[in-house]
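What follows is one structure encoded as C-alpha cells, with my remarks underneath.
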Amino acid sequence: MSKAFIQDIVIHTPTKELTNEELSTIFGIPMGEIFRSTGIKKRFLSAPDELASDLAVEVGKAFFNKSVITKDEVDFLLYVTSALDYVGPATACLIHEQLGLPKTCAAIDIPMGCSGFTNGLLIAKALVENGTGKNVLLITSDMPTKVLHSEDYHLRALFSDAAAATLISDQGGFLVNEVAYGCDGSGAENLIIRGSGARNPVDKEWITKYEKEGGLLIGRMEMDGMEILRFSLREVPTLLNELLEKNNLSKDDIDLFIFHHASDIVIRFLSRKMNISSEKVFTCLEDFGNTVSASIPIAIHEAKKAGVIKANSVIFIAGFGIGYSWSGTILKTE
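No gaps in the numbering here: position 290 of the sequence shown is 290 in full-length UniProt numbering, and each next residue is one more.
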C-alpha cells in the first residue's frame, strides 16, 4: 500500500482587506479592544461579484504555475467549500473546466466548512493509499464574509475569505498518518446559514428584510459562540487522545499543534484545557482571520515559511466546527 503525503500547498487571498482601524471607525470600538478580543489585525474580503469558486480557480492557477506537477497528472479534484455556485452542477466540474484539467480527472464537491480540509485530506489519503489515484488536488475555498450582516460586529471581526490548493500524492513531503473523525448533528443550529438551501430558501419576506445587504440574498450566518466553544472543548481533546493512540504517540511527541483558526478564544481555551505550551501552538489568525476550510492549509503554509516546521517535525492538525463535524491527523515531515 502506498503512503500519502501533503506534497505542496499554495494559498490565495483577495486583494481587499478589512483592518481593525476600519472596524473601529464603523462600530466605534477602540482598535486595541478589537485585537484583544479577536487576536486579529486584518481580514480579507472578496469583491461583490467574486465567488468562492473564483478564489478556487485563482489558487489552482497559482498552484500549476509552480509546476510541481502538470495538469494531466491530476487524478482527482476535491473541492471543499460551504458556498457552492449552484445546487447543480457540481462546482468542482466548473473549476475543473476553468483549470483545464483532463477528462480522466474526477471532480467532486465536498460541501463542508471548518472541518472541510481535514475531511478532504482523509478522503485524499484513502485514494492515494489504495492506489485509486496518485495525485489528488484538494482545493479549499470559502467566502464567509458574503453571509455576514453589516451590523454584526462579532462575526465581521472574525471571518475572512481565502483559498488554498493542497496536493496529496505518494511523492513525499508531510506524511499523513492515521486519522480520526466524528460528527454530531445535534449542534447544527448553533452555527448555520439561514436563508439558504432547499429547507430554508430565500422568500419575499427575506428579500424585503435584507435587500440592502446585498450578499445576504444567499443567506445569513448565525452563530452561538458559547456553544461552539463548549463543543470544541468537549470534542477536540478527545480527538487528540484518539490520534495519539492510533499513531502510538504521546502528547510530548508532538512538536506543533495547528488547530482550525476558529477564534483566538477557542485556540487559547483548547491549549489550556489540553495543557499545551503556547510555544507549541502555531496560529496566523492575526494576519488572516477565520478562513473556514482554508485555515489549516494556510497555517501549515505559513508555519513552513516561517521556519517553524523543521525536518522530522510531528504536527497535530484538527478541523472542527459547523455541523458539528470534526476530524484530524498527525503529519510528519519527511
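In this text, a Cβ means the ideal position worked out from N, Cα and C, and glycines have one as well.
Can you tell which of the options has the C-alpha that lies nearest to the C-alpha of residue i?
{"i": "Lys295", "options": "Ala52, Thr140, Lys42 and Thr91", "result": "Note on residue identity: the sequence assigns Ser, not Lys, to residue 295. Out of Ala52, Thr140, Lys42 and Thr91, Thr140 has the C-alpha closest to the C-alpha of Ser295."}
{"i": "Pro297", "options": "Ile34, Phe316, Gly133 and Glu17", "result": "Phe316"}
{"i": "Asp152", "options": "Met221, Leu191 and Thr208", "result": "Met221"}
{"i": "Cys105", "options": "Cys114, Ile95 and Gly113", "result": "Ile95"}
{"i": "Ile265", "options": "Ile254, Leu285 and Leu84", "result": "Leu285"}
{"i": "Ala180", "options": "Lys305, Ser37, Glu73 and Glu242", "result": "Glu242"}
{"i": "His154", "options": "Asp252, Lys310, Met274 and Ser24", "result": "Ser24"}
{"i": "Leu99", "options": "Thr132, Ala165, Ala126 and Gly88", "result": "Ala165"}
{"i": "Met223", "options": "Asn247, Ala188, Glu97 and Ser250", "result": "Ala188"}
{"i": "Ala56", "options": "Cys93, Ala303 and Asp72", "result": "Cys93"}
{"i": "Ile207", "options": "Gly197, Ala198, Ile218 and Arg199", "result": "Ile218"}
{"i": "Arg43", "options": "Tyr79, Thr70, Glu17 and Asn65", "result": "Glu17"}
Check whether the Cβ atoms of residue i and residue j lie closer than 8 Å to each other.
{"i": "Thr19", "j": "Lys41", "result": "yes"}
{"i": "Thr329", "j": "Asn130", "result": "no"}
{"i": "Ile110", "j": "His301", "result": "no"}
{"i": "Ala107", "j": "Val236", "result": "no"}
{"i": "Asp54", "j": "Lys134", "result": "no"}
{"i": "Ser82", "j": "Val281", "result": "no"}
{"i": "Ala124", "j": "Thr38", "result": "no"}
{"i": "Leu240", "j": "Lys273", "result": "no"}
{"i": "Leu51", "j": "Met143", "result": "yes"}
{"i": "Leu331", "j": "Phe174", "result": "yes"}
{"i": "Phe288", "j": "Ser160", "result": "yes"}
{"i": "Val147", "j": "Leu77", "result": "no"}
{"i": "residue 338", "j": "Asp170", "result": "Nothing can be reported for residue 338, as the shown portion of the chain is limited to 1 through 334."}
{"i": "Asp253", "j": "Val314", "result": "yes"}
{"i": "Leu121", "j": "Leu138", "result": "yes"}
{"i": "Gly323", "j": "Ser115", "result": "yes"}
{"i": "Ile6", "j": "Ile168", "result": "yes"}
So the alpha helix (DSSP H) residue i belongs to, where does it begin and stop?
{"i": "Ala107", "result": "From DSSP, Ala107 is part of no alpha helix (DSSP H) but of the beta strand (DSSP E) over Ala106 to Ile110."}
{"i": "Cys284", "result": "No alpha helix (DSSP H) holds Cys284; DSSP gives it neither H nor E."}
{"i": "Lys61", "result": "Ala52 to Asn65"}
{"i": "Ala306", "result": "Element bounds for Ala306: n/a, residue is neither H nor E."}
{"i": "Tyr79", "result": "Segment Phe76 to Val80 is the beta strand (DSSP E) holding Tyr79; no alpha helix (DSSP H) there."}
{"i": "Lys204", "result": "Lys204 to Tyr210"}
{"i": "Glu97", "result": "Thr91 to Leu99"}
{"i": "Ile34", "result": "Met31 to Thr38"}
{"i": "Met226", "result": "Gly225 to Lys246"}
{"i": "Glu129", "result": "Gly116 to Glu129"}
{"i": "Ile267", "result": "Asp264 to Lys273"}
{"i": "Phe27", "result": "Asn20 to Phe27"}
First and last residue of the beta strand (DSSP E) that includes residue i?
{"i": "Gly173", "result": "It is not in any beta strand (DSSP E) - Gly173 carries neither H nor E in the DSSP assignment."}
{"i": "Val136", "result": "Asn135 to Asp142"}
{"i": "Ala318", "result": "Val314 to Gly321"}
{"i": "Lys332", "result": "Ser325 to Thr333"}
{"i": "Lys42", "result": "Lys42 to Leu45"}
Applying the 10 Å Cβ sphere with the 16-neighbour rule, what's the burial state of residue i?
{"i": "Met1", "result": "exposed"}
{"i": "Ser150", "result": "exposed"}
{"i": "Asp203", "result": "exposed"}
{"i": "Asn190", "result": "buried"}
{"i": "Pro48", "result": "exposed"}
{"i": "Gly321", "result": "buried"}
{"i": "Ala198", "result": "exposed"}
{"i": "Asn290", "result": "buried"}
Quick check on residue i - is its C-beta less than 8 Å from some C-beta in chain C?
{"i": "Ala180", "result": "Going by chain labels, chain C is absent from the structure shown, which holds only one protein chain."}
message = Tell me whether the stretch 17–34 and the stretch 249–265 touch, counting them as touching only if at least three CB pairs, one residue from each stretch, are closer than 8 Å.
response = Touching, no.
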